[in-house]
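Residue numbers (my numbering): 18 to 433.
Here's what the structure looks like:
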């Protein structure tokens, strides 16, 4: 420990630079593996945190806290070195202490720290970085970010400026940041965030969390050289229904690309997209409708050919994932889809789930929705943000729309 303190005193900038960068990277790795339990590390996300730790926490904050604050508050170092009995009688020193905390927490962090963090994260993780977009995202999250920040950093900053010598200011900040970086990584590490505990906590267990975090997949791209069939099967549930349907598809040379299969009470329903060579289409239908000796006997089976239309339309100018979670209630899908339609967004895919409370049946059920939307024109992002905020507040839900390039148009959660 003495060697570390000696290094911090003799080479404060280098020590703070290296310590801050490694610490920030380590905290994000810990959150990804321990808290989020990811099987694979998101190295682009970790690179964003490492870059922020080295460049800003180790570089910019050192410049701010040591040479700049030393000039603005020339008595800061001597005040920090005084014993407590002298500190309480040093009114100019106390005023200087409060002034340093105010500048750091109410000026530095909202005007520099968070905007730089969002811009670095966007530059490292996005395929099309946009600093203006990144700062706008901070504006959306500003209240939540600042409240979380002050809970950790206001008491820590008082201790730092009141007791730490200048060369230990950055190591103290980096040490406190071990906790804060874990919080920041959990809150803003990526777009695939677990909804806030105020909404989800009482309603879902670990299995439901996994379902909530499932990524909505885009609809399949239809090859015009193939025949495409929408297959629906419905009947009394019994073993072998899925096996019989998939065998019928396989024996006809068909390929099942997308499917949804679900048990509802004593009934079982299947919906799937199948592609095959045009010459195999009649065989595919014959296999599926030959029900007498298979597990599909007695089931309602419908096959509808899907016509591939290539009208030469350009790729959508805008494509995004949409997610909604909250206490189950009538009208959630209606309100969200009406909102999307009002802003010219076309629904390409939607999947919904209802989650039963794991232990307390008196708690409301949790509803989750994930989907994909697109538009030929660039939508008004600010108008979408305002509409989602209004819906969120009225329905007590969490909702977000995220561009494919990682732009989070809106993420918000109601406060009970």
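For glycine and all other residues, C-beta sits at the position ideal for the given N, C-alpha and C.
Report, in whole angstroms, the separation of the C-beta atoms of residue i and residue j, which I expect to be a contact under 8 angstroms.
i           : j           : result
residue 350 : residue 390 : Actually they are not in contact, since the Cβ atoms of residue 350 and residue 390 sit about 13 angstroms apart, beyond 8 angstroms.
residue 68  : residue 182 : Between residue 182 and residue 68 the Cβ distance is about 28 angstroms, and since that is not below 8 angstroms, they are no contact.
residue 273 : residue 253 : With a Cβ gap of about 22 angstroms, residue 273 and residue 253 do not count as contacting.
residue 408 : residue 352 : 6 angstroms
residue 180 : residue 118 : So it is not a contact: roughly 13 angstroms between Cβ atoms.
residue 81  : residue 125 : 6 angstroms
residue 388 : residue 366 : 5 angstroms
residue 356 : residue 404 : 5 angstroms
Could you say which of the options lies nearest to residue i if we only look at CA atoms?
i           : options               : result
residue 339 : 419, 360, 279 and 280 : 419
residue 271 : 305, 385, 43 and 71   : 305
residue 458 : 417, 372 and 180      : Any property of residue 458 remains undetermined from this structure, which presents the chain solely from 18 to 433.
residue 165 : 384, 267, 122 and 296 : 122
residue 74  : 137, 101 and 49       : 137
residue 134 : 291, 254, 158 and 352 : 158
residue 324 : 160, 162, 140 and 245 : 245
residue 413 : 401, 394 and 383      : 383
residue 61  : 72, 42, 398 and 76    : 42
residue 127 : 156, 103, 100 and 108 : 156
residue 279 : 264, 370, 348 and 353 : 370
residue 415 : 275, 341, 360 and 269 : 341
residue 132 : 315, 242, 40 and 163  : 163
residue 442 : 354, 257, 368 and 336 : Residue 442 lies beyond the residue range present for the chain, which begins at 18 and ends at 433; the question has no answer from this structure.
residue 293 : 316, 282, 281 and 269 : 269
residue 398 : 336, 84 and 173       : 336
residue 307 : 283, 297 and 265      : 265
residue 171 : 161, 120, 129 and 300 : 120
residue 386 : 358, 410, 315 and 343 : 343
residue 267 : 161, 242 and 300      : 300
What is the DSSP secondary structure of residue i, reduced to helix, strand or coil?
i           : result
residue 35  : helix
residue 355 : helix
residue 125 : helix
residue 392 : strand
residue 316 : coil
residue 306 : helix
residue 131 : helix
residue 384 : strand
residue 255 : coil
residue 216 : Because the pLDDT at residue 216 is just 40, under 50, the model does not fix this residue reliably, and the value given afterwards should be weighed accordingly. Residue state, collapsed to three classes: helix.
residue 417 : strand
residue 280 : strand
residue 118 : helix
residue 344 : strand
residue 63  : helix
residue 362 : coil
residue 238 : coil
residue 408 : helix
residue 163 : helix
residue 334 : coil
residue 90  : coil
residue 150 : helix
residue 321 : strand
residue 244 : strand
residue 294 : coil
residue 260 : helix
Leaving out five residues before and five after residue i in sequence, what residues of the same chain have Cβ atoms less than 6 angstroms from its Cβ?
i           : result
residue 295 : 244
residue 261 : 311, 312 and 313
residue 217 : Here residue 217 scores only 41 on pLDDT, less than 50, and its place in the model should not be relied on; the value that follows carries that caveat. The answer is none, since no qualifying residue turns up.
residue 37  : 70, 74, 75 and 191
Between residue i and the rest of its own chain, which residues show a CB-CB distance below 8 angstroms, the 5 nearest in sequence each way excluded?
i           : result
residue 334 : 392, 393, 394 and 395
residue 58  : 46, 49 and 50
residue 34  : 71, 75, 76 and 79
residue 400 : 360
residue 283 : 253 and 254
residue 259 : 278 and 287
residue 240 : 292 and 325
residue 107 : 96 and 99
residue 31  : none
Please return the same chain residues whose Cβ sits closer than 7 angstroms to the Cβ of residue i, not counting the five positions on each side in sequence.
i           : result
residue 320 : 246, 248, 302 and 305
residue 147 : 139
residue 86  : 93 and 117
residue 345 : 371, 381, 382, 383 and 384
The ligand SAH and residue i: does any heavy atom of the ligand fall closer than 7 angstroms to the residue's C-beta?
i           : result
residue 297 : Among the components of this structure there are no ligands whatsoever, and the ligand SAH is therefore not found.
task = Could you tell me whether the segment 152-159 touches the segment 110-121, using the rule of 3 or more Cβ pairs below 8 angstroms?
result = no
request  = Could you say if the segment 279-295 and the segment 241-254 meet the contact criterion of at least three C-beta pairs nearer than 8 angstroms?
outcome  = yes
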